[in-house]
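Q: Numbering (the working numbering), first residue to last: 2 to 201. Mind looking over this structure? Questions follow.
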Amino acid sequence: MEERCFVKVSDREIGCIVLAAGESSRLGYPKALIEVGGETLVSWISRRLSELGLSPVIVTRNELYQKVKDSVGDVDVIINYSPESGRTGTVKEGLKFLRRDSRGPPRILIVPVDRPGFSQSTLEFLMSKVSSTCPVFDGRGGHPLLVSKEDCDTILKASSDVPLNKVISPQRIPVDDRYLHLNIDTKEDVDRFLRAVKFL
């Protein structure tokens, strides 16, 4: 098997926010805690990000905090106490944590826990960008998102209940990533993801 070559960055260059505060009403079980090869989904995502030199901060809801924290070890986990306000509010909590001192990273990678189908090559591609960037496959925008410092400033000023795509307009760049749009909402989605894991 060909050995992968990881491109690493300093966490002062790029911050990373994993969004894990959403409800799982259709799935009936917290998405962040789905089991993936003996670890939770949020742990699996965090490990992939850490392998590229990123230091993710996970934003979750109060009732999931302890289970998420227990599953990810030394990774920073914070609480969004108003998750009902929407994803933009969760992003804002992560940004405020990363900017808790004046040395916050200039660029941020936003990674929703329920969109885990991105490849390593897509991650590396996004990490090479300076402007806000959305990966596109089959004509549709996906995740993760790379967000510039200027757009992070804009997000922090926005209302928490405004959808992120109404707050910033990242450049859309095509990628070759067949699992990019894998979205975990149902048990069938979980099965599809578990079949795809070996390709990610």
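Beta carbons: idealized from backbone N, C-alpha and C, even for Gly.
Going along the chain, which residues of its own chain have a beta-carbon closer than 8 Å to the beta-carbon of Thr123, five neighbours each way excluded?
A: Working through the sequence shown from its first residue, we reach residue 123 at position 122. The residues are Pro136, Pro145, Val176, Asp178, Leu181.
Q: Please classify Ile18 as buried or exposed, where buried requires at least 16 other C-beta atoms within 10 Å of its C-beta.
A: Within the sequence shown, the letter at position 17 stands for residue 18. Buried, since its Cβ has 16 or more Cβ neighbours within 10 Å.
Q: Can you list, in chain order, the residues of its chain with a C-beta nearer than 7 Å to that of Leu127? Leave out the 5 residues immediately preceding and following it.
A: Here residue 127 refers to the residue found at position 126 of the sequence shown. The residues are Leu110, Thr134, Pro136, Pro145, Leu147.
Q: Counting only runs of 4+ residues fully inside the segment 53–101, write out the alpha helix (DSSP H) ranges in chain order.
A: Here the runs fully enclosed are 66–73, 88–99.
Q: Mapping DSSP to helix, strand and coil, what is Arg49?
A: Within the sequence shown, the letter at position 48 stands for residue 49. Three-state result, Arg49: helix.
Q: Within 10 angstroms of its Cβ, does Asn81 collect 16 or more other Cβ (buried), or is it exposed?
A: For the purposes of this step, residue 81 is taken as the residue at position 80 of the sequence shown. By the 10 Å Cβ count, Asn81 comes out buried.
Q: With three or more C-beta pairs closer than 8 Å as the rule, is the segment 47–54 touching the segment 193–200?
A: Verdict: no, contact absent.
Q: Between which two residues does the beta strand (DSSP E) carrying Arg108 extend?
A: As a working note, residue 108 is residue 107 in the sequence shown. Segment 108–113, the beta strand (DSSP E) holding Arg108.
Q: Taking the CB atoms as reference points, tell me whether Leu20 and Gly118 lie closer together than 9 Å.
A: Position 19 of the sequence shown, counting from 1, holds the residue named residue 20. Position 117 of the sequence shown, counting from 1, holds the residue named residue 118. For Leu20 and Gly118, no; Cβs fall outside 9 Å.
Q: Mapping DSSP to helix, strand and coil, what is Ala197?
A: The residue given as residue 197 occupies position 196 in the sequence shown. Residue state, collapsed to three classes: helix.
Q: Arg108: buried (16+ other C-beta within 10 angstroms of its C-beta) or exposed?
A: The sequence position of residue 108 within the sequence shown is 107, counting from 1. With 16 or more other Cβ atoms within 10 Å, it is buried.
Q: Excluding the 5 residues flanking Ser149 on each side, which residues of the same chain have their C-beta closer than 8 Å to its C-beta?
A: Locating residue 149 in the sequence shown gives position 148, counting from the first residue. Cβ within range, chain order: Pro107, Arg108, Val131, Ser132, Ser133.
Q: Could you tell me the alpha carbon to alpha carbon distance between Gly90 and Gly74, rounded to whole angstroms?
A: Walking along the sequence shown from the start, residue 90 turns up at place 89. Walking along the sequence shown from the start, residue 74 turns up at place 73. So the alpha carbons of these two residues sit roughly 25 Å apart.
Q: Roughly how many whole angstroms lie between the Cα atoms of Ser26 and Leu157?
A: Against the sequence shown, residue 26 aligns to sequence position 25. Against the sequence shown, residue 157 aligns to sequence position 156. One C-alpha to the other measures close to 28 Å.
Q: Per the DSSP calculation, Pro175 is bridged to which residue(s)?
A: Within the sequence shown, residue 175 is the residue found at index 174, counting from 1. BP columns for Pro175 point to Val137.
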